[in-house]
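A.B. asks: Provided herewith is a single structure, encoded as structure tokens, for subsequent inquiry.
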Amino acid sequence: MDRSEPAATCISVNRKPLPRRPAPFQDELLSSWITRLADANYCSVPELCRYLGLAQERPPETLTDLIGVDTDRFCATLRLPPEELDSMLIQRRAEFPIECISWSNFQHCSVCAHKVPRISLRHWRFAWSMHCEACGSELLPVRSKTAAHVHLPTRLRIRAKEGAKRLMLAYRHGNCHAGRRMDLTLQVAGVLAPEIRHGSLFSQNRIDRFKIVAAIDLGMTRPLLATALVLKNDPASETRLRAAFPHKRKLLDRLARLAESLPQHRSREGASLKNHSWMNCAGTAPTPEPEYLEAARRAIDQLGKNAERSDLLNCAAEFLENAR
Ligand SMILES: [Zn+2]
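Read in the UniProt record's numbering, the sequence shown has 309 at position 309, and its numbers run on one by one without any break.
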């Protein structure tokens, strides 16, 4: 046997195009299209990946996944113009301080997914994407059936929209200075409101996700005032911040003085100080409609006040939906 000519090379020279080829949609991920191609050709995804000459059995999503692959032949088999390949792959900015593109499907458009089963568009992976660019519908978490019914206060939506826009522009322009400031914002927000953190950018809990994106807007527009308001109303948060950021002593001293100069804030409901958080500045100040309050009461009655917040929200959303 001639060892200079590997058997695999001989076998794959004339790889036939696939018999069935549903066309890729605008902005469709290569992995999504390959999954649909496998369905159309009655084979499994790993089988199709092997046929296409891929080293791994999962569809490629980035250029790195295609290292070692003869892309010309790969595209020829798929009858895909090589210049279109890049637009179907995810391209990350390794130098940007915040991970802005999810490694898996975390949200989808129920309208598009209903029309084309198993489709996944590239922009659905972006942390800043809130609406489907194909049909305009609001994107929803993939693993929460009741997410569509979760009430998001208007002010929170508006601020999250602004935060998402800032994140998108910073990422697209490769603005690492803005990225570092956003990163610090998310760290501070995580200390002040422990339920949210960097990973919340891709959370299945829509409220947490909108809060963290809204926090980015606050961090870029009024970070000192927003933080001082929390320190004013929750003195323990100053201790947490000093523990988390020991090298920011001067800044925290300044914040403490600013907080001291602010008038004491009290909500109309006379809520406890614990309820004042940075995220209230983000637009979740409590002015709920009576129907939402009633749904929340029923959820607490059913699950108990110590239940997980996401379970309470989902339960309340179901009560709300049934009442309509
Ligand atoms: Zn859509």
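Heads up, the beta-carbon is just placed ideally off N, CA and C, and yes, glycines get one too.
Just so we're clear, the structure is a prediction, and the values are computed from it rather than from any experiment.
State buried or exposed for Y42, treating a residue as buried only when at least 16 other CB atoms are found within 10 Å of its CB.
C.D. replies: Here residue 42 refers to the residue found at position 42 of the sequence shown. By the 16-neighbour rule on beta-carbons within 10 angstroms, Y42 is exposed.
A.B. asks: Let me check understanding here. Comparing Cα to Cα, which of V150, L229, G190, D301 lies closest to A256?
C.D. replies: Here the question's residue 256 lines up with position 256 in the sequence shown. Among V150, L229, G190, D301, the Cα nearest to that of A256 is on L229.
A.B. asks: Can you tell which of A296, Q91, A259 has the C-alpha that lies nearest to the C-alpha of R172?
C.D. replies: Start at 1 with the first residue of the sequence shown, and residue 172 comes out as number 172. Closest option to R172, Cα to Cα, is Q91.
A.B. asks: Alpha carbon to alpha carbon, what distance is there between V116 and M168?
C.D. replies: Counted from its first residue, the sequence shown places residue 168 at position 168. Counted from its first residue, the sequence shown places residue 116 at position 116. Cα-Cα distance, rounded: 27 Å.
A.B. asks: Taking a cut-off of 6 Å, which residues have a beta-carbon closer than that to any heavy atom of ligand 1, in chain order?
C.D. replies: C109, V111, C112, C132, A134, C135, S137
A.B. asks: Nearest by alpha-carbon distance to C100: which of R206, R125, A299, L241 is it?
C.D. replies: The count along the sequence shown starts at 1 and reaches residue 100 at position 100. Selected option, being the one with the closest Cα: R125.
A.B. asks: My parser needs the alpha helix (DSSP H) runs of 4 or more residues fully inside the stretch 141-204; what are they?
C.D. replies: 154-172, 176-192
A.B. asks: At the level of alpha carbons, what is the spacing between L156 and F210?
C.D. replies: Counting from 1 along the sequence shown, the entry for residue 156 is found at position 156. Counting from 1 along the sequence shown, the entry for residue 210 is found at position 210. L156 and F210: Cα-Cα distance of roughly 7 Å.
A.B. asks: From the DSSP output, which residues share a beta bridge with Q107?
C.D. replies: Here residue 107 refers to the residue found at position 107 of the sequence shown. In the DSSP output, where bridge partners are listed per residue, Q107 has P141.
A.B. asks: What is the residue span of the alpha helix (DSSP H) that C49 lies within?
C.D. replies: Taking the first residue of the sequence shown as position 1, residue 49 is located at position 49. It spans 45-51 - the alpha helix (DSSP H) in which C49 sits, taken as one unbroken run.
A.B. asks: Whose CA, out of Q107, L303, K165, lies closest to the CA of E138?
C.D. replies: Position 138 of the sequence shown, counted from the start, is the residue given in the question as residue 138. Measuring from the Cα of E138, the nearest candidate turns out to be Q107.
A.B. asks: Should the stretch 63-71 be regarded as contacting the stretch 36-55, the criterion being three or more beta carbon pairs within less than 8 Å?
C.D. replies: yes
A.B. asks: Applying the criterion that 16 or more other CB atoms from any shown protein chain within 10 Å of the CB defines a buried residue, is T221 buried or exposed?
C.D. replies: Translated into positions along the sequence shown, residue 221 becomes position 221. It is exposed - the Cβ of T221 has fewer than 16 other Cβ atoms within 10 Å.
A.B. asks: Mind checking who L121 pairs with in its DSSP beta bridge?
C.D. replies: Numbered from 1 along the sequence shown, position 121 holds the residue referred to as residue 121. In the DSSP output, where bridge partners are listed per residue, L121 has E28.
A.B. asks: Where does A259 land, buried or exposed, given buried means 16+ other C-beta within 10 angstroms?
C.D. replies: The residue labelled residue 259 in the question sits at position 259 within the sequence shown. By the neighbour-count rule (16 or more Cβ atoms within 10 Å), A259 is buried.
A.B. asks: For D217 versus P97, is the C-beta spacing smaller than 8 Å?
C.D. replies: Working through the sequence shown from its first residue, we reach residue 217 at position 217. Working through the sequence shown from its first residue, we reach residue 97 at position 97. Cβ distance not < 8 Å, so D217 and P97 don't count as in contact.
A.B. asks: Using the C-alpha atoms, what's the distance from V111 back to C281?
C.D. replies: Here residue 281 refers to the residue found at position 281 when the sequence shown is read from its first residue. Here residue 111 refers to the residue found at position 111 when the sequence shown is read from its first residue. Confidence in C281 is poor, its pLDDT being 49 and thus under 50, which makes the residue's placement unreliable; the coordinate value appears in the next sentence. If I take the Cα positions, the gap works out to 33 Å.
A.B. asks: Among the residues of its own chain, which have a CB less than 6 Å from the CB of E5, if the five just before and after it don't count?
C.D. replies: Indexing the sequence shown from 1 puts residue 5 at position 5. Annotation note: pLDDT 37 at E5 (below 50); position unreliable, coordinate value reported separately. Correct list: empty, nothing qualifies.
A.B. asks: Would you call the stretch 17-31 and the stretch 73-88 touching, i.e. three or more CB-CB distances under 8 Å?
C.D. replies: yes
A.B. asks: Within 10 angstroms of its Cβ, does L293 collect 16 or more other Cβ (buried), or is it exposed?
C.D. replies: The count along the sequence shown starts at 1 and reaches residue 293 at position 293. So L293 counts as exposed.
A.B. asks: Please name the residue in V142, V150, A113 whose C-alpha comes closest to that of A299.
C.D. replies: Position 299 of the sequence shown holds residue 299. Out of V142, V150, A113, V150 has the C-alpha closest to the C-alpha of A299.
A.B. asks: Secondary structure at F96, three-state DSSP: helix, strand or coil?
C.D. replies: Here residue 96 corresponds to residue number 96 of the sequence shown, with the count starting at 1. Coil.
A.B. asks: How would you label R206, buried or exposed, when you count the other beta carbons within 10 angstroms and need 16 or more for buried?
C.D. replies: Your numbering for residue 206 matches position 206 in the sequence shown. Buried.
A.B. asks: Which stretch, first to last residue, makes up the alpha helix (DSSP H) that contains K232?
C.D. replies: The residue labelled residue 232 in the question sits at position 232 within the sequence shown. It spans 223-233 - the alpha helix (DSSP H) in which K232 sits, taken as one unbroken run.
A.B. asks: For my contact list, V191 and R240 are in at a C-beta cut-off of 8 Å; report their separation, rounded to the angstrom.
C.D. replies: In the sequence shown, the residue the question calls residue 191 occupies position 191. In the sequence shown, the residue the question calls residue 240 occupies position 240. With a Cβ gap of about 5 Å, V191 and R240 count as contacting.
A.B. asks: Could you compute how far the alpha carbon of G304 sits from the alpha carbon of S120?
C.D. replies: On the sequence shown, position 304 is the one that residue 304 refers to. On the sequence shown, position 120 is the one that residue 120 refers to. Rounded to whole angstroms, G304 to S120 spans 38 Å at the Cα level.
A.B. asks: Specify the secondary structure class of F126 as computed by DSSP and reduced to three states.
C.D. replies: Residue 126 sits at position 126 when you count from the first residue of the sequence shown. Three-state DSSP puts F126 in a strand.
A.B. asks: Taking the C-alpha atoms as reference points, what is the distance between residue 328 and P22?
C.D. replies: Past the boundaries of the shown model lies residue 328; the chain is included only from 1 to 324, so the question cannot be answered.
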